[in-house]
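Residue numbers (full-length UniProt numbering): 1 to 98.
Below you can see the structure in the form of structure tokens.
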């Protein structure tokens with residue numbers, strides 16, 4: 001697998017799956033027993049999933065030198081920010097830079 005995997009891995013996967021299991025189990029128990037305290041268990045399962053999804057969605061910045069200044073021919077501009085392509089850099093589609 002490459003680094004751009006779209007599925008969660010590691011600690012993110014553990015938090016997401018654990019939170020989902022707690023939510024499903026608490027929801028079934030709530031439907032069976034009608035115990036209002038189990039609503040807190042459903043909410044807790046959702047709260048466990050949030051850091052998992054945040055860990056999964058966090059992406060490090062590309063390995064580029066960020067600069068503000070005149071264009072020297074090796075820069076590209078994206079959303080108002082200029083960066084210099086370095087050897088081996090790739091864009092978001094895996095294509096080589098300049």
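Cβ atoms here follow ideal geometry from the backbone N, Cα and C, with glycine treated the same way. Predicted model, so just to flag it, every value in this text is computed and none were measured.
Go through its chain and collect everything with a Cβ distance to residue i's Cβ below 8 Å, but skip five positions before and after it.
i: residue 47; result: 19
Cα separation between residue i and residue j?
i: residue 24; j: residue 30; result: 10 Å
i: residue 53; j: residue 12; result: 6 Å
i: residue 33; j: residue 45; result: 18 Å
Sorted by chain position, which residues of the same chain lie with C-beta nearer than 7 Å to residue i's C-beta, five sequence neighbours on each side aside?
i: residue 41; result: 22, 26
Apart from the five residues just before and just after residue i, which ones in its own chain have a Cβ nearer than 6 Å to its Cβ?
i: residue 8; result: 16, 56
i: residue 38; result: 26, 29, 30
i: residue 51; result: 15
i: residue 49; result: 16, 19
Any chance you could list the alpha helix (DSSP H) runs of at least 4 consecutive residues sitting entirely within the segment 7–57, in chain order?
10–33, 38–57
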